[in-house]
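Residue numbers (my numbering): 654 to 743.
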């Protein structure tokens with residue numbers, strides 16, 4: 654997401670101070686850090702949930718790529734139960 658943001662007064666001073674003190678490498682990073690801190694403080698979305706969601710998406714993309722490249726075989730439900738009849742009632 655791209656946004657334009659005009660900061661004046663105290664908020665601008667905070668951002669500049671964060672960059673001067675090397676807390677953030679630039680003003681954009683300072684604002685990112687503030688958003689993450691705000692998230693942690695108010696518990697909006699746990700970082701663990703976000704990371705798990707990201708990992709799941711990446712894994713599914715990798716599996717899709719393997720299927721498309723012919724490196725992973727996909728079988729139908731019927732074929733699955735023919736190979737593993739004992740799992741039908743699980």
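We put the CB at the ideal spot given by N, CA and C, even for glycine.
CA-to-CA distance, residue j to residue i, given in whole angstroms
| i | j | result |
| --- | --- | --- |
| residue 667 | residue 716 | 45 Å |
| residue 692 | residue 685 | 11 Å |
| residue 678 | residue 671 | 8 Å |
| residue 655 | residue 726 | 40 Å |
| residue 728 | residue 705 | 27 Å |
| residue 688 | residue 681 | 11 Å |
| residue 735 | residue 713 | 26 Å |
| residue 709 | residue 733 | 24 Å |
| residue 707 | residue 658 | 27 Å |
| residue 695 | residue 665 | 23 Å |
Cβ of residue i within 8 Å of any chain C Cβ
| i | result |
| --- | --- |
| residue 740 | Included in the structure is just one protein chain, with no chain C present. |
The alpha helix (DSSP H) enclosing residue i, as first and last residue numbers
| i | result |
| --- | --- |
| residue 685 | 680 to 695 |
| residue 704 | 700 to 721 |
| residue 731 | 730 to 736 |
| residue 596 | Residue coverage of the chain in this structure runs from 654 to 743, which leaves residue 596 outside it and unanswerable. |
**Prompt:** Given 8 Å as the limit, is there contact between the segment 720 to 734 and the segment 695 to 712, that is, 3 or more CB pairs closer than that?
**Reply:** Result no; under three Cβ-Cβ pairs closer than 8 Å.
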